[in-house]
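Inspection log for the structure reproduced underneath, given as structure tokens.
Numbering (the numbering used here), first residue to last: 1 to 140.
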């Protein structure tokens, strides 16, 4: 493909996929929890404010790569809306306890410990309920 052909193709592709890319970029920022799953086994639960975080897992998490390599894996994502960071961490912690992922390890000196102390009892109950009723969507 010549340089000119590539330029024309890129212009065509952008016009053809413009709405899809706008929607994709709009969805990337916010408060999210997610998990990686192969068959019926949950491998990893995480949280993020930017869905580009998945790229980090694919380049830097050797254990996760070994588990999903050449397998039919899915990434499930739930949008948490307007929550504070420590609330997002708390929901992730609840999901780790519930889903028991193979590759997650909670550390005592992490943000999870801090967030656990920062949340009032009533709010913890609300957040646990949010964690139980999340609407998951397969990330593509």
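The beta carbon of each residue, even a glycine, is placed where N, CA and C say it ideally should be.
These numbers come from a predicted model, not from an experiment.
Nearest to residue 135 by alpha carbon, out of 79, 74, 121, 124?
79
On the premise that residue 96 lies in contact with residue 38, defined as a C-beta separation below 8 Å, what is that separation, rounded to the nearest angstrom?
About 17 Å separates the two Cβ atoms, so there is no contact after all.
Determine which residues share a DSSP beta bridge with residue 81 and list them.
BP columns for residue 81 are empty, so no partner.
Nearest by alpha-carbon distance to residue 127: which of 137, 102, 94, 20 is it?
94
Relative to the alpha-carbon of residue 139, which residue among 36, 41, 68 has its alpha-carbon at the smallest distance?
Distances from the CA of residue 139 to each of 36, 41, 68 were compared; the closest alpha carbon is that of 36.
Determine the DSSP secondary structure at residue 108, reduced to helix, strand or coil.
Unreliable placement is indicated for residue 108, whose pLDDT of 47 sits below 50; the coordinate value is still reported in the next sentence. Coil at residue 108, not helix or strand.
Counting C-beta neighbours from all protein chains within 10 Å, is the total for residue 109 16 or more, i.e. buried, or is it exposed?
Unreliable positioning characterises residue 109 in this predicted model, as indicated by a pLDDT of 46, which lies under 50. A coordinate reading is not provided.
Look at residue 102 and residue 34 and say whether their C-beta atoms are less than 8 Å apart.
no
Let's test the definition: count the other Cβ atoms within 10 Å of the Cβ of residue 105 and tell me whether it reaches 16, buried, or not, exposed.
exposed
According to DSSP, what are the bridge partners of residue 36?
44, 75
Per-residue DSSP class, three states only, for residue 10:
helix
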